[in-house]
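Engineer: Sharing a structure below in structure tokens format, with a few things to ask.
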Amino acid sequence: MNGAPVTSTFAARATLARSLRLLGQFRYEQRDPARFYGALAADTAAMVTDLWRAAHGADPTGCTLLDVGGGPGYFAGAFSAAGVRYIGVEPDPAEMHAAGPALPDAAGSFVRASGTALPFADDSVDICLSSNVAEHVPRPWQLGNEMLRVTRPGGLAVLSYTVWLGPFGGHEMGLTHYLGGARAAARYTRRHGHPPKNNYGSSLFAVSAAAGLDWATSTGALLAAFPRYHPRWAWWMTSVPVLREFVVSNLVLVLQPSQHID
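According to the UniProt record's numbering, the sequence shown holds residues 1 to 262 in order.
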């Protein structure tokens, strides 16, 4: 697939140095979530800005962005700083308040709702984003269809998710997910005395790169697909079946709706 036009601006920033910098932040996810999610939010806002700029020839200043699974507000701060009107959707009240008191830069609106049944009208936002959420819902492509429904024609839907067979597919269970999701969860529970937050079969599911690409292609709206954390010279891996399941740790699907998806 040729995703060069919409990814051209972001590709220039997708360097090895960026990949190593983001990889280094992952070790802080559990012990210093503000540091980890703050860095991830800033990089995500820059990525979405680059994609919009390549597609529309201008920054998304003044655009409305709906963030499906936005959490406690780190992303709100990053997008607000970029001049984007931010609306966060989060089904879990614990996640909405996970950062404690309101973040000082988390300007925006927040709605408690499910990403698979968004309480928004058709064609109501310019950009719909979902970052690392699809692997946590049992029907990820229903979530994707909802994202396309609420995104106006010509806008962008950006769905990024963790690939199950990639090195981070097990989340806090580490590489034990290669033993199987249920066995990995049981092993984690025995070791730590409590089940993992991302528990296989209830809050974590085995979502493949192939399934995401098949769904995105079937919509007729797919503009580009690339590995989120890889340098540009490694993006070719996305096009290789089987290999991509193990080396594309996080797949980004960029779609531009032209009509409603039923």
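We put the beta carbon where it would ideally sit given N, CA and C, even for glycine.
Going by DSSP in three states, residue 89 sits in which element: helix, strand or coil?
Structural biologist: strand
Engineer: To the nearest angstrom, how far is the alpha carbon of residue 5 from that of residue 154?
Structural biologist: 14 angstroms
Engineer: Would you mind listing the alpha helix (DSSP H) stretches within the stretch 111 to 175 that are 4+ residues and don't spill past its ends, in chain order?
Structural biologist: 140 to 150
Engineer: Tell me whether the beta-carbon of residue 251 lies closer than 7 angstroms to the beta-carbon of residue 185.
Structural biologist: no
Engineer: Does the stretch 143 to 162 come close enough to the stretch 173 to 185 that 3 or more CB-CB pairs lie under 8 angstroms?
Structural biologist: The stretch 173 to 185, when compared against the stretch 143 to 162, does not touch it at the 8 angstroms Cβ threshold.
Engineer: Which complete beta strand (DSSP E) runs does the stretch 29 to 59 hold, if anything under 3 residues is left out?
Structural biologist: none
Engineer: If you measure between the beta carbons of residue 253 and residue 225, is that distance less than 7 angstroms?
Structural biologist: yes
Engineer: Under the rule that 16 or more other beta-carbon atoms within 10 Å means buried, what is residue 92, buried or exposed?
Structural biologist: By the 16-neighbour rule on beta-carbons within 10 angstroms, residue 92 is exposed.
Engineer: Whose C-beta lies closer than 7 angstroms to the C-beta of residue 213 among residues of the same chain, with five residues either side of it excluded?
Structural biologist: 225
Engineer: Would you grab the beta carbon distance between residue 65 and residue 143 for me? Rounded to a whole angstrom, and I think it's under 8 angstroms.
Structural biologist: Rounded, the Cβ-Cβ distance is 16 angstroms, inconsistent with contact.
Engineer: Would you mind stating whether residue 116 and residue 139 have Cβ atoms separated by less than 7 angstroms?
Structural biologist: yes
Engineer: For the beta strand (DSSP E) holding residue 255, just list the boundary residues, first then last.
Structural biologist: 250 to 255
Engineer: For residue 39, which residues in the same chain have their Cβ closer than 6 angstroms to its Cβ, ignoring the five residues on either side in sequence?
Structural biologist: A distance below 6 angstroms between beta-carbons, with the five flanking residues on each side excluded, links residue 39 to the following residues of its chain, in chain order: 25.
Engineer: What's the C-alpha gap between residue 169 and residue 258?
Structural biologist: 32 angstroms
Engineer: Straight-line CA distance for residue 73 to residue 191?
Structural biologist: 32 angstroms
Engineer: CB residue 238 to CB residue 232, shorter than 7 angstroms?
Structural biologist: no
Engineer: Between residue 206 and the rest of its own chain, which residues show a CB-CB distance below 7 angstroms, the 5 nearest in sequence each way excluded?
Structural biologist: 164 and 181
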